[in-house]
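full-length UniProt numbering applies: residue 1 is where the sequence shown begins, and numbers increase by one. Glycine included, each C-beta is placed from N, C-alpha and C at the ideal position. Report on the structure given below.
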Amino acid sequence: MDSGWLVLLSVAFGLVVGGGFMALFHVAERRGNSAVDVVNPAVPDGVGQVIDALESAGVVLDPSNNVVKASPGALATGLVSQQVLVHSELIELVNRVRSTGEPVVQPVQLARGPFGDASMHFLVRVARLGSRYILLLAEDHSETFRLDEVRRDFIANISHELKTPIGAIALLSEALDPAADDPEQVRRFAKRLHTEAARLTRITQEIIELSRLQAADSLRSAELLDVDHLIAAAMDQNHVQAELRGTTLVKGGAKHVQVFGDESLLIMALHNLVGNAIQYSLDNSRVGIGVRVEDGVVEIAVTDQGLGIASEDLDRVFERFFRVDQARSRNTGGTGLGLSIVKHVVENHGGDVRVWSQLGRGSTFTIRLPEASTVAIAPQGDSR
1 MDSGWLVLLS VAFGLVVGGG FMALFHVAER RGNSAVDVVN PAVPDGVGQV IDALESAGVV
61 LDPSNNVVKA SPGALATGLV SQQVLVHSEL IELVNRVRST GEPVVQPVQL ARGPFGDASM
121 HFLVRVARLG SRYILLLAED HSETFRLDEV RRDFIANISH ELKTPIGAIA LLSEALDPAA
181 DDPEQVRRFA KRLHTEAARL TRITQEIIEL SRLQAADSLR SAELLDVDHL IAAAMDQNHV
241 QAELRGTTLV KGGAKHVQVF GDESLLIMAL HNLVGNAIQY SLDNSRVGIG VRVEDGVVEI
301 AVTDQGLGIA SEDLDRVFER FFRVDQARSR NTGGTGLGLS IVKHVVENHG GDVRVWSQLG
361 RGSTFTIRLP EASTVAIAPQ GDSR
């Protein structure tokens with residue numbers, strides 16, 4: 001074969017081999033792009049902007065139920081954490097829509113936090129978004145449920161509890177006129193009137209506070225908080241009362257622990273617990289506030305050396321207006337709402353509160369809250 005044909009065959013062979021390599025390169029490139037799309041999926045055009053603009057919770061999920069887009073509301077309400085749906089109830093709805101192709105609209109009750117009995121109520125809509133994705137929208141109806149509870153409880157509680165101070169004020173005012181010529185009697189009745197009026201004021205203020213806690217989402221103004229600061233503020237608010245009773249306040253345990261929440265509400269809850277511990281302890285005793293962190297849970301325990309609580313009353317101490325000792329509560333100015341307020345504050349922060357007590361051995365009330373590092377924190381503005 002002459003050299004001309006050899007040259008032509010060499011060129012042809014080179015073209016074939018080069019074309020084969022180019023084809024393999026394009027196939028590999030397409031497969032690589034497909035793999036990138038799976039690892040870094042992108043929602044359809046325009047959907048991302050809509051999700052970002054939602055005030056309510058909106059989530060887009062890929063075929064593996066990974067969250068590829070979530071609204072600030074979905075993060076703030078704790079529906080999404082680390083790019084996955086937190087609640088199994090929502091995952092079940094997503095799987096149903098994926099298998100049937102039919103959209104779902106359903107009310108769902110979800111736990112507010114990893115522990116505790118507080119819950120959130122949502123109207124959830126789930127539907128396909130194109131061929132690959134699932135769109136989940138959750139409208140928070142928790143405030144509506146809380147308002148209904150507040151209306152029912154307020155009427156029942158207020159009608160019963162206000163009878164005592166109002167009746168006492170009415171009787172004392174009637175007794176003042178016949179005693180007008182007896183200064184000693186007038187002073188005694190006036191002092192009683194002042195006491196009952198102050199009690200009526202405390203009851204009214206605490207009912208308003210409790211109603212506010214039940215009727216609104218306290219975490220709308222949540223921020224990163226230092227537990228040491230919260231405890232110091234609560235101890236400072238009870239400093240005068242402790243000195244009058246000769247009570248020593250002691251803090252111990254973990255330092256520099258952080259939680260996510262409303263500063264004023266958490267200080268109020270701790271203030272109520274410390275104040276109760278002082279009131280229901282013997283004079284010249286000791287009240288301890290300890291902090292512990294374990295498995296992402298912050299525990300703040302308030303321990304007193306008081307008279308303790310009977311076992312049959314432990315399950316009722318957080319009820320509105322419940323008093324373990326009616327006579328002692330009346331003498332100390334207790335309204336029976338302090339622990340109920342503590343319970344609602346803590347539950348609104350996704351936690352719970354527990355009590356241990358024995359007669360003659362004192363009591364320990366423990367607030368449990370998620371540690372800040374375990375909570376998905378959405379940027380502010382986005383969203384006894």
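Here THR144 carries a helix assignment [DSSP, helix/strand/coil].
Counting along the chain, GLY338 sits inside no beta strand (DSSP E); it lies in the alpha helix (DSSP H) bounded by residues 338 to 348. DSSP places LEU136 in the strand class (E or B) of the three-state scheme. Taking one beta carbon from each stretch, the region 186 to 202 and the region 259 to 266 have fewer than 3 pairs nearer than 8 Å; the two do not touch.
Counting along the chain, SER119 sits inside the beta strand (DSSP E) bounded by residues 119 to 129. Contact check between the region 272 to 283 and the region 227 to 242: three or more CB pairs, one atom from each, fall below 8 Å, which counts as touching.
DSSP, reduced to helix, strand and coil, places ARG361 outside both helices and strands of the structure shown, so it counts as coil. For LEU273, the closest of LEU61, LEU147, GLY290 by C-alpha to C-alpha distance is GLY290. Taking the Cα positions, LEU314 is about 8 Å away from TRP356.
For VAL293, the uninterrupted beta strand (DSSP E) run begins and ends at 286 to 294, by DSSP. Ranking GLY275, VAL227, ALA269, PHE145 by CA distance to the CA of ARG292 puts VAL227 first. Contact check between the region 354 to 373 and the region 297 to 306: three or more CB pairs, one atom from each, fall below 8 Å, which counts as touching. For the region 170 to 250, the full-length alpha helix (DSSP H) segments reaching 4 residues or more read 183 to 215, 227 to 237, 239 to 245 along the chain.
Collapsing the DSSP output to three states places GLN305 in coil. If you draw a straight line from the Cα of HIS349 to the Cα of ALA111, it is about 12 Å long.
Judged by DSSP secondary structure, PRO72 falls within the alpha helix (DSSP H) whose first and last residues are 72 to 76. Counting C-beta atoms within 10 angstroms of its own C-beta, ALA310 has fewer than 16 neighbours from the protein chains shown and is therefore classed as exposed. In the three-state reduction of the DSSP assignment, PRO103 falls in the coil class, being assigned neither a helical nor a strand state.
THR144 and GLY78 have their C-alpha atoms some 19 Å from each other. Going by C-alpha positions, ARG286 is about 22 Å away from LEU266. Scanning GLY338, ALA372, LEU61, GLN109 for the CA closest to the CA of GLN205 turns up GLY338.
Of the residues LEU137, ALA234, ALA222, LEU123, the one whose Cα lies closest to the Cα of VAL47 is LEU137.
Only buried fits SER340, as 16 or more other CB atoms lie within 10 angstroms of its CB. Of ALA190, THR201, ARG98, GLN305, the smallest CA-CA separation from ARG245 is found for GLN305. The beta carbon of ALA127 sits closer than 7 Å to the beta carbons of VAL97, PRO103, LEU135 from its chain, once the five residues preceding and following it are set aside; these are given in chain order. The Cβ atoms of ALA222 and VAL342 lie no closer than 8 Å to each other. Residue pairing for ARG368: DSSP places it in a beta bridge opposite GLU299, ASP352.
Take the alpha-carbon of SER88 and the one of GLU263: they are about 31 Å apart.
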